[in-house]
Amino acid sequence: MKSILHQLYDGEIAPWEQFATTLTDCRAKRQEHLRHYESLRRTLTEEQRKELEEVMDEQLALFPLEQAESFIKGFRLGAGIMIEVLSPPAKEKFPPQISTEL
50 MKSILHQLYD GEIAPWEQFA TTLTDCRAKR QEHLRHYESL RRTLTEEQRK ELEEVMDEQL
110 ALFPLEQAES FIKGFRLGAG IMIEVLSPPA KEKFPPQIST EL
């Protein structure tokens, strides 16, 4: 079996494809948003609908960029945590070392 890093490098793992919201509250909010959106669209003229679609498309175009940035920052944070966990402890002045000897 390949390591996770090999799978990631070879494109066999696609974190963006594995993202799925399982939170019921989030799904409910999406449905509510869709209802409000459709309700608003029905009140608009054809020209206003087109303009709304353009604005929505512009906003949706930002979503993948934000997701990528969040993934990168999260990955870096995780890597930093692992480096800290696996590194030998440095001499720390604060907080003072507590002796475990009795």
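Here the sequence shown is numbered in our numbering, starting from 50 and rising by one per residue.
Where is the CB? At the ideal position from N, CA and C, for every residue including glycine.
6 Å Cβ shell around residue i - same chain, five flanking residues per side excluded
i, result
"Gln56", "Ile62"
Pair within 8 Å by beta-carbon distance, residue i and residue j
i, j, result
"Arg90", "Arg79", "no"
"Pro64", "Phe112", "no"
Rounded separation between residue i and residue j - CA only
i, j, result
"Tyr86", "Met105", "10 Å"
"Leu109", "His82", "14 Å"
"Ser52", "Ala117", "23 Å"
"Cys75", "Gly123", "21 Å"
"Thr92", "Glu115", "31 Å"
"Ala77", "Pro137", "47 Å"
Cutoff 7 Å; reference residue i; Cβ partners in own chain excluding five residues on either side
i, result
"Thr94", "none"
Of all the beta strand (DSSP E) runs that stay within the bounds of the stretch 74-111, which reach a length of 3 or more residues? Listed in chain order, there is nothing to give.
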